[in-house]
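Below: the structure, in structure tokens.
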Amino acid sequence: MDTPWTAPLPADSGAVPTAGFGADGERWSAGHTGQDFAVPEGTDVLAVGSGVVVAVGCDDAYGLSVVLRHDNGYHSQYAHLSLVTVEPGDRVGTGRRIGLSGNTGNSTGPHLHFEIRLTPQYGSAVDPVRWLDDHGVRIG
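Following this line, the structure appears as structure tokens:
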């Protein structure tokens, strides 16, 4: 049986999709590696599927971020957070709050940067909106 999936933000969050996968931009060196959603700072950020927290970190690009390894082998990343509510090694279920949206790292305003990756490393991203759509989750 397939793992159920959900959007990375609550349906009532008022999230507005902004910079999409592959988009050109002044604030990144190559095509955009995820999907950005403008939301107020402090909005719940949800695990899109069940899995294990493999990384929690903070850097100049992604700011405060979380990476999950899902049961199907894919990885999801949630970036520019203001708060993280999980730790590496935690097992999370679909829809569990893993943090709050923020404005950390290479960010021009409060939003969530969301990625789906084949591996946990940078450079293996796939279009997260198309990926979620293929798994029964409609965004926007």
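Under the UniProt record's numbering, the first residue of the sequence shown is numbered 1, with each subsequent residue one higher.
Glycine included, every Cβ here is placed at the ideal spot set by N, Cα and C.
Where residue i falls, given that 16 or more other Cβ within 10 Å makes a residue buried
i             : result
glycine 73    : exposed
proline 88    : exposed
methionine 1  : Confidence at methionine 1 is low in this model, with a pLDDT of 38, below 50, so the placement of that residue is unreliable and no value is reported for it.
alanine 11    : exposed
valine 16     : exposed
aspartate 60  : exposed
leucine 132   : buried
glycine 93    : exposed
leucine 9     : buried
aspartate 134 : exposed
glycine 136   : exposed
Simplified DSSP assignment, three categories, for residue i
i            : result
valine 66    : strand
alanine 55   : strand
methionine 1 : Confidence at methionine 1 is low in this model, with a pLDDT of 38, below 50, so its placement is unreliable and the value that follows should be read with caution. Here methionine 1 sits in coil by DSSP.
aspartate 44 : strand
alanine 7    : coil
aspartate 71 : coil
Within 7 Å, strictly: CB atoms of residue i and residue j
i           : j              : result
proline 128 : glycine 14     : no
valine 86   : valine 67      : no
serine 76   : isoleucine 139 : no
glycine 49  : histidine 80   : no
Counterpart residues of residue i in DSSP-defined beta bridges
i              : result
isoleucine 116 : Ser76 and Val126
histidine 111  : Ala38 and Gly102
leucine 83     : Leu100
valine 92      : Gly51
proline 17     : Phe37
Three or more C-beta pairs below 8 Å linking the segment 38-45 and the segment 97-116:
Cβ pair count under 8 Å is three or more, so yes.
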